[in-house]
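First up is the structure itself, then whatever we jot down about it.
2 protein chains.
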Amino acid sequence: MGWVTPAPGSAAHTVQPATGTRLDPWIGAYADRTHGMRASEIRALFAVANRPEVVSLAGGMPNLEGLPLETLAQIAHDLVLTRGTTALQYGSGQGDETLREQILEVMRLEGIEAHPDDVVVTTGSQQALDLVTRLFVNPGDVVVAEAPSYVGALGVFRAYQADVVHVPLDDNGLVPEALEETLARLAAEGRSVKLLYTVPNFHNPAGVSLSLERRPRILEIARRYGVLVLEDNPYGLLGFDGEPMPAMRSMDDTGVIYLGSFSKTFAPGYRVGWAVAPHAIREKLVLASESAILCPSNASQLAVSAYLANHDWRGQIKSYREMYRERRDAMIGALAEHIPEATWTVPEGGFYTWVRLPNGMDAQAMLPRAITALVAYVAGTAFYADGQGADHMRLSFCYPTPDRIREGVRRLAGVVAAESELVQIFGTGTDRHRASQTVESVVTDTH
Amino acid sequence: MGWVTPAPGSAAHTVQPATGTRLDPWIGAYADRTHGMRASEIRALFAVANRPEVVSLAGGMPNLEGLPLETLAQIAHDLVLTRGTTALQYGSGQGDETLREQILEVMRLEGIEAHPDDVVVTTGSQQALDLVTRLFVNPGDVVVAEAPSYVGALGVFRAYQADVVHVPLDDNGLVPEALEETLARLAAEGRSVKLLYTVPNFHNPAGVSLSLERRPRILEIARRYGVLVLEDNPYGLLGFDGEPMPAMRSMDDTGVIYLGSFSKTFAPGYRVGWAVAPHAIREKLVLASESAILCPSNASQLAVSAYLANHDWRGQIKSYREMYRERRDAMIGALAEHIPEATWTVPEGGFYTWVRLPNGMDAQAMLPRAITALVAYVAGTAFYADGQGADHMRLSFCYPTPDRIREGVRRLAGVVAAESELVQIFGTGTDRHRASQTVESVVTDTH
Numbered sequence: 001m002g003w004v005t006p007a008p009g010s011a012a013h014t015v016q017p018a019t020g021t022r023l024d025p026w027i028g029a030y031a032d033r034t035h036g037m038r039a040s041e042i043r044a045l046f047a048v049a050n051r052p053e054v055v056s057l058a059g060g061m062p063n064l065e066g067l068p069l070e071t072l073a074q075i076a077h078d079l080v081l082t083r084g085t086t087a088l089q090y091g092s093g094q095g096d097e098t099l100r101e102q103i104l105e106v107m108r109l110e111g112i113e114a115h116p117d118d119v120v121v122t123t124g125s126q127q128a129l130d131l132v133t134r135l136f137v138n139p140g141d142v143v144v145a146e147a148p149s150y151v152g153a154l155g156v157f158r159a160y161q162a163d164v165v166h167v168p169l170d171d172n173g174l175v176p177e178a179l180e181e182t183l184a185r186l187a188a189e190g191r192s193v194k195l196l197y198t199v200p201n202f203h204n205p206a207g208v209s210l211s212l213e214r215r216p217r218i219l220e221i222a223r224r225y226g227v228l229v230l231e232d233n234p235y236g237l238l239g240f241d242g243e244p245m246p247a248m249r250s251m252d253d254t255g256v257i258y259l260g261s262f263s264k265t266f267a268p269g270y271r272v273g274w275a276v277a278p279h280a281i282r283e284k285l286v287l288a289s290e291s292a293i294l295c296p297s298n299a300s301q302l303a304v305s306a307y308l309a310n311h312d313w314r315g316q317i318k319s320y321r322e323m324y325r326e327r328r329d330a331m332i333g334a335l336a337e338h339i340p341e342a343t344w345t346v347p348e349g350g351f352y353t354w355v356r357l358p359n360g361m362d363a364q365a366m367l368p369r370a371i372t373a374l375v376a377y378v379a380g381t382a383f384y385a386d387g388q389g390a391d392h393m394r395l396s397f398c399y400p401t402p403d404r405i406r407e408g409v410r411r412l413a414g415v416v417a418a419e420s421e422l423v424q425i426f427g428t429g430t431d432r433h434r435a436s437q438t439v440e441s442v443v444t445d446t447h
Numbered sequence: 001m002g003w004v005t006p007a008p009g010s011a012a013h014t015v016q017p018a019t020g021t022r023l024d025p026w027i028g029a030y031a032d033r034t035h036g037m038r039a040s041e042i043r044a045l046f047a048v049a050n051r052p053e054v055v056s057l058a059g060g061m062p063n064l065e066g067l068p069l070e071t072l073a074q075i076a077h078d079l080v081l082t083r084g085t086t087a088l089q090y091g092s093g094q095g096d097e098t099l100r101e102q103i104l105e106v107m108r109l110e111g112i113e114a115h116p117d118d119v120v121v122t123t124g125s126q127q128a129l130d131l132v133t134r135l136f137v138n139p140g141d142v143v144v145a146e147a148p149s150y151v152g153a154l155g156v157f158r159a160y161q162a163d164v165v166h167v168p169l170d171d172n173g174l175v176p177e178a179l180e181e182t183l184a185r186l187a188a189e190g191r192s193v194k195l196l197y198t199v200p201n202f203h204n205p206a207g208v209s210l211s212l213e214r215r216p217r218i219l220e221i222a223r224r225y226g227v228l229v230l231e232d233n234p235y236g237l238l239g240f241d242g243e244p245m246p247a248m249r250s251m252d253d254t255g256v257i258y259l260g261s262f263s264k265t266f267a268p269g270y271r272v273g274w275a276v277a278p279h280a281i282r283e284k285l286v287l288a289s290e291s292a293i294l295c296p297s298n299a300s301q302l303a304v305s306a307y308l309a310n311h312d313w314r315g316q317i318k319s320y321r322e323m324y325r326e327r328r329d330a331m332i333g334a335l336a337e338h339i340p341e342a343t344w345t346v347p348e349g350g351f352y353t354w355v356r357l358p359n360g361m362d363a364q365a366m367l368p369r370a371i372t373a374l375v376a377y378v379a380g381t382a383f384y385a386d387g388q389g390a391d392h393m394r395l396s397f398c399y400p401t402p403d404r405i406r407e408g409v410r411r412l413a414g415v416v417a418a419e420s421e422l423v424q425i426f427g428t429g430t431d432r433h434r435a436s437q438t439v440e441s442v443v444t445d446t447h
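In order, the protein sequences belong to chains A and B. 1 is the number of the first residue of the first sequence in our numbering; add one for each residue after it. 1 is the number of the first residue of the second sequence in our numbering; add one for each residue after it.
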């Protein structure tokens with residue numbers, strides 16, 4: 001099929017879309033925001049990393065082996081049988097009210113007191129990220145984010161043509177003095193800073209947490225500069241020891257938008273996340289969400305709600321914590337044994353450790369060699385808006401078993417050793433160029 | 001709770017968010033696009049119209065009484081039990097491949113031949129509308145749409161700061177001569193026209209369909225002016241008589257983005273819709289969707305996929321068609337009996353009829369009186385970007401039973417008669433103003 005034949009006597013065509021070629025006839029029609037759109041480094045990697053023979057330390061998929069599938073199957077059955085015409089119908093744009101009340105219970109574990117009206121249910125917390133950015137960011141506005149920062153958030157900020165300015169973090173999370181200095185400089189430059197985006201607990205990718213002492217200080221600085229804090233907290237309940245830290249939202253209910261998710265504490269397949277926002281912002285979030293998707297899935301929301309009502313969800317989180325702690329231990333132990341020349345963070349929760357390679361080695365350049373050696377990771381550059389991070393990599397310990405994690409790190413050690421030798425012979429620059437070309441072919445091959 | 005106390009010695013606050021008031025301290029921080037955001041007239045209405053004593057001819061909710069809930073419950077059960085770690089996990093941004101193949105089968109009923117790679121699964125077709133607009137529309141770009149047009153699409157176009165230019169339709173759908181004239185004028189004015197948005201089958205709200213003869217003509221005109229056609233087709237398989245018409249996409253695979261949905265032919269609660277787009281656009285749609293939600297729900301997609309594989313979905317659509325035909329007949333019969341002074345379209349499928357009130361009566365002004373009389377509809381102005389449509393209303397016959405539909409129209413007839421009398425005494429202008437104020441109080445009361 002192709003274009004229909006113009007009616008006889010019609011005017012000459014002013015546009016001639018190409019057919020049967022790889023050219024895009026609509027290339028001139030895209031909006032400005034579309035020109036900066038590109039696949040994340042993580043996405044290109046997944047096609048390769050998901051081969052069964054590869055040990056993937058790249059993905060952020062939770063391990064669902066421990067879920068009570070028989071119970072969940074029964075819940076799904078009863079939900080459709082007894083409440084089918086509600087579960088399968090359109091719902092409210094803000095989300096199911098019972099679920100919003102249950103979300104309050106979950107958040108209370110991190111000290112948050114709120115009202116069900118403050119909560120907006122979204123299609124994963126990624127949608128909440130998108131909606132908040134949509135509400136606040138004009139092209140050219142600044143979003144301040146940790147260095148490094150969550151790749152999926154950087155993608156959203158780019159999609160809305162924000163300028164991301166990074167602020168360093170250390171073992172205690174975002175550095176208040178560095179934040180203050182950055183906001184002062186941006187204010188002096190007359191820049192419009194709209195959001196401070198932060199992952200305070202078990203940071204993705206850095207694996208660190210914002211210390212309790214720093215939390216009010218960060219809030220005070222943001223408040224002083226009139227910057228809204230976007231607190232993204234998918235991992236807060238997945239600490240390996242002790243009690244969860246109080247959320248930043250528990251210390252400030254007018255200057256923080258809080259994002260939560262069931263993807264890591266329960267399961268991502270229902271795509272149920274949420275935002276908690278000050279009243280006026282919450283109203284606008286609902287309008288924006290209705291425009292984007294009409295309403296979140298009732299089937300998903302009621303399934304999550306029934307799980308929370310009928311199952312020991314706190315016990316499930318506890319068993320997740322134990323599983324991930326064992327995997328963290330396997331990862332850290334293997335790093336110490338096999339790649340002692342690198343340095344890494346020791347996460348007290350969550351999914352990731354952030355590894356720094358020695359001798360200026362380039363993790364992006366090394367990736368094709370790693371995949372050839374059947375181990376995958378994400379190179380550090382994915383987590384910066386400005387090209388930093390080449391000597392870092394994110395290793396995730398959430399999905400593979402402890403044995404596979406140890407095997408993966410062992411393979412990685414071989415790659416690092418070989419690369420280290422190459423760097424000593426050829427230097428980093430040339431090698432980086434050669435290797436980047438190779439990774440493109442590797443990725444293309446798998447499509 | 002409130003703002004944390006600033007650290008001693010910190011600089012004076014430059015921003016002082018109000019607390020404990022209805023003021024929005026962040027009012028100055030919103031993006032330009034947020035300022036035009038407002039609740040649709042339909043949304044404000046729903047809180048009122050959903051009271052059980054009101055006969056709602058307002059909503060577009062499908063009637064799900066006929067769904068085989070026992071079968072669906074078993075499907076949901078088996079899905080979680082046997083494929084739980086897939087159904088509850090993250091999935092591909094483009095959507096489940098098996099489901100995309102099944103979607104091809106569905107679209108083949110309307111003559112569409114495509115490849116699974118051409119399909120992007122979305123969170124309802126509303127999300128596809130949002131993503132397409134995001135890809136193409138800069139602020140100030142023009143989207144051409146039928147007069148009237150789907151309120152949810154108008155909301156999306158507004159959210160991206162598009163200028164909507166309406167083109168008339170008649171009983172055979174969008175008028176080609178009017179489209180040509182409009183595009184010529186816009187071209188002469190140097191406007192950037194990005195999309196022609198059209199609902200060719202059983203139009204929402206107008207109830208008409210684009211004739212077979214006009215389809216290639218509309219495509220040819222759009223092609224000649226370099227305008228991409230956005231074909232939104234939620235109702236195409238819900239015709240009351242005969243075979244479905246060939247989709248516009250079946251006549252043109254390079255100049256049309258096609259949107260489909262399971263919300264009306266199966267159930268909306270899973271939020272599963274899709275887009276079919278030319279290759280280069282499809283790639284960008286997937287990137288935009290990953291930025292917006294990471295991936296559509298696997299749980300929802302696999303449930304829909306299992307339904308299509310294990311149930312007579314064509315038979316289900318047939319029974320929906322029969323149910324809605326009976327309701328259409330009830331609606332049209334009651335209009336002829338009770339409000340013969342009005343005129344209306346006679347839809348051959350879908351959910352809606354479009355009614356014109358006599359004597360310049362104002363449907364928006366009349367709405368509070370209708371709600372007092374326990375019947376609800378949507379006033380015509382909701383379906384225009386420019387304030388047209390005051391003398392029209394959309395009546396939907398999808399949800400209430402035939403008896404309730406007849407009762408609703410009978411109540412509406414009383415309202416029209418009383419309003420008609422008022423108009424003759426006071427004229428339309430004053431009355432409209434008075435009534436608009438009243439509807440605001442009615443709606444506020446129910447929150």
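Idealized CB from N, CA, C, for every residue including glycine. Treat the numbers as computed from the prediction; the structure is a model and nothing was measured.
query                                                                                                                                                                              : result
What residues are listed by DSSP as bridge partners for A:G457?                                                                                                                    : Since the first residue shown for chain A is 1 and the last is 447, residue 457 of chain A is missing from the structure and cannot be characterised.
Between the C-alpha atoms of A:D96 and A:S305, what's the straight-line distance to the nearest angstrom?                                                                          : 9 Å
Kindly confirm or deny that the stretch 258-269 of chain A and the stretch 224-243 of chain B touch, where touching means at least three C-beta pairs closer than 8 Å.             : no
Excluding five sequence neighbours on each side, which residues of the same chain lie with their C-beta closer than 7 Å to the C-beta of A:V164?                                   : V143, A145, L154, F157 and A385
For a cutoff of 8 Å on Cβ pairs, would you count B:S211 as touching chain A?                                                                                                       : no
Under the assumption that B:G269 contacts A:N298 (Cβ atoms under 8 Å), give the Cβ distance between them as a whole number of angstroms.                                           : 4 Å
Does B:Y90 have its Cβ less than 8 Å from a Cβ in chain A?                                                                                                                         : yes
Does DSSP put B:T265 in a helix, in a strand, or in coil?                                                                                                                          : coil
Taking A:G349 as the reference, which of A:P234, A:L219 and A:P139 has the closest Cα?                                                                                             : A:P234
Hey, how far is the Cα of A:P148 from the Cα of A:Q364?                                                                                                                            : 15 Å
On the criterion of 16 or more Cβ atoms from any shown chain inside 10 Å, does B:D171 qualify as buried, or is it exposed?                                                         : exposed
Could you check the C-alpha separation between A:P400 and B:H166 for me, to the nearest Å?                                                                                         : 55 Å
Using a C-beta to C-beta distance shorter than 8 Å, which residues of chain B count as neighbours of A:H77?                                                                        : A73, Q74, A76 and H77
Is the shortest distance between the beta-carbon of B:V80 and the beta-carbons of chain A less than 8 Å?                                                                           : yes
Suppose the cutoff is 6 Å on Cβ atoms and the five residues either side in sequence are ignored; what does the same chain contact list for A:A376 look like?                       : A49, V54, S56 and A58
Kindly say whether B:V137, judged by its beta-carbon, lies nearer than 8 Å to any beta-carbon of chain A.                                                                          : yes
In the DSSP output, what is B:R356 paired with across the bridge?                                                                                                                  : B:T343 and B:H392
Measure from the C-beta of B:G427 to each C-beta in chain A and report whether the shortest distance is under 8 Å.                                                                 : no
Under the DSSP definition of a beta bridge, which residues are partnered with B:Y258?                                                                                              : B:E231 and B:V276
Would you say B:A299 reaches chain A, if we count a Cβ-Cβ gap shorter than 8 Å as a contact?                                                                                       : yes
Would A:T34 pass as an interface residue toward chain B - the criterion being a Cβ-Cβ separation below 8 Å?                                                                        : yes
Could you have a look at B:T401 and say whether DSSP puts it in helix, strand or coil?                                                                                             : coil
Contact between the stretch 111-128 of chain A and the stretch 285-301 of chain B: three or more CB pairs below 8 Å?                                                               : yes
Comparing alpha-carbon positions, which option in B:I339, B:L169, B:V106 and B:G36 lies nearest B:V276?                                                                            : B:V106
Establish whether the CB of A:T21 and some CB of chain B are separated by less than 8 Å.                                                                                           : Any reading at A:T21 must be qualified, since the residue scores a pLDDT of 48, below 50, and its modelled position is unreliable; the value itself is stated next. No, A:T21 lies away from the interface with chain B (no Cβ there is under 8 Å from its Cβ).
Roughly how many angstroms separate the alpha carbons of B:T430 and B:D24, rounded to a whole number?                                                                              : Any reading at B:T430 must be qualified, since the residue scores a pLDDT of 43, below 50, and its modelled position is unreliable; no value is offered.
Going by the beta-carbon positions, is the gap between B:T301 and B:G84 smaller than 8 Å?                                                                                          : The sequence as given places Gln at residue 301 of chain B; Thr does not occur at that position. Contact: no.
Short of 6 Å in beta carbon distance, which residues of its chain neighbour B:G93, apart from the five on each side in sequence? Order them along the chain.                       : V286, S289, E290 and C295
Tell me which residues of the stretch 308-337 of chain B have at least one Cβ-Cβ distance to chain A shorter than 9 Å, keeping chain order.                                        : none
Among B:E180, B:E189 and B:V416, which has the Cα closest to the Cα of B:L367?                                                                                                     : B:V416
Assuming A:H166 is part of the beta strand (DSSP E), what are its boundary residues?                                                                                               : D163 to D170
Do B:R249 and B:E231 count as a contact pair if the criterion is CB distance below 8 Å?                                                                                            : yes
Take every Cβ of the stretch 100-119 of chain B, pair it with every Cβ of the stretch 318-334 of chain A, and state whether three or more of those distances are shorter than 8 Å. : no
Between B:V346, B:R404 and B:A418, which has its C-alpha nearest B:T372's C-alpha?                                                                                                 : B:A418
What three-state label does DSSP hand A:E326 in the structure shown?                                                                                                               : helix
Report yes if the CB atom of B:G242 is closer than 8 Å to the CB atom of B:N201, and no otherwise.                                                                                 : no
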